[in-house]
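Asker:
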Amino acid sequence: MPDFIKIFFYEMIENYSNFNGRSTRSQFWFSALAYLVIWLVLFVSMLVLGVLSLIPIVGIIPMALLCAIYMGLIFASLILIIPFYALAFRRLHDINFPGWIALLPVMLLVLAYAFIFHGAELLGIYNYYSFSQFLIGIG
Numbered sequence: 014m015p016d017f018i019k020i021f022f023y024e025m026i027e028n029y030s031n032f033n034g035r036s037t038r039s040q041f042w043f044s045a046l047a048y049l050v051i052w053l054v055l056f057v058s059m060l061v062l063g064v065l066s067l068i069p070i071v072g073i074i075p076m077a078l079l080c081a082i083y084m085g086l087i088f089a090s091l092i093l094i095i096p097f098y099a100l101a102f103r104r105l106h107d108i109n110f111p112g113w114i115a116l117l118p119v120m121l122l123v124l125a126y127a128f129i130f131h132g133a134e135l136l137g138i139y140n141y142y143s144f145s146q147f148l149i150g151i152g
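Numbering (the numbering used here), first residue to last: 14 to 152.
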């Protein structure tokens, strides 16, 4: 068994929700590599089955498999998000940064969502045109 799979299973399974401590560079990157391989296998198989589902002779079987693999991709991402953030927290602790920095992209996405979809209400602008003028800087 390759080393990155052993490190992945140790880091992701044994330290599932351990946000304290430290992780080395090799632990972090080998776990990220294994996570990427799992995600890519599911994604490529989903793409292949998506193309096969367009062929009328093949029928409905690839479509059912496509849905199953898509659900597997979603479940794998949801299951592995907590251990990957725990690993990122430990890696940031190893380089003397606070672990919450790993959550900055998530916080920025939430703020972007709030501003894009609810920005007019947050700014007190209720006219669509004045909000678009505000966004492009002419209002």
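Think of the CB as a built atom: it goes at the ideal place given N, C-alpha and C, for glycine as much as any other residue.
Small disclaimer: the values here were computed from a predicted structure and weren't measured.
In the DSSP assignment, the alpha helix (DSSP H) including PHE43 goes from what residue to what residue?
Answerer: That run of the alpha helix (DSSP H) goes 38-65.
Asker: In three-state terms, what does DSSP make of PRO111?
Answerer: PRO111 falls in the coil class under three-state DSSP.
Asker: Looking only at its chain, what residues have a beta carbon closer than 7 Å to the beta carbon of ARG104, apart from the 5 residues adjacent to it on each side?
Answerer: If we look at ARG104 and ignore the five residues flanking it on each side, its Cβ neighbours are SER36, PHE41.
Asker: Taking only the alpha-carbon atoms, compute the straight-line gap between TYR23 and VAL50 and give it to the nearest angstrom.
Answerer: Those two C-alpha atoms are separated by around 16 Å.
Asker: Check whether the region 42-62 touches the region 117-124, counting contact only when three or more Cβ pairs, one atom from each stretch, lie closer than 8 Å.
Answerer: Taking 8 Å as the limit for Cβ pairs, the verdict is that the region 117-124 does not touch the region 42-62.
Asker: Does the distance from the C-beta atom of ILE82 to that of LEU55 stay below 7 Å?
Answerer: Cβ distance < 7 Å, so ILE82 and LEU55 count as in contact.
Asker: State the DSSP-derived secondary structure class of TYR23, mapped to helix, strand or coil.
Answerer: Here TYR23 sits in helix by DSSP.
Asker: Who are the near neighbours of PHE97 in its chain, counting only those whose CB is closer than 7 Å to its CB and skipping five residues on each side?
Answerer: Counting only Cβ-Cβ distances below 7 Å, and skipping sequence neighbours, we find TYR48.
Asker: Grouping DSSP H, G and I as helix and E and B as strand, with all else coil, what is ILE68?
Answerer: Of the three classes helix, strand and coil, the one that applies to ILE68 here is coil, per DSSP.
Asker: Can the beta-carbon of PHE102 be found less than 7 Å from the beta-carbon of ALA115?
Answerer: For PHE102 and ALA115, yes; Cβs fall inside 7 Å.
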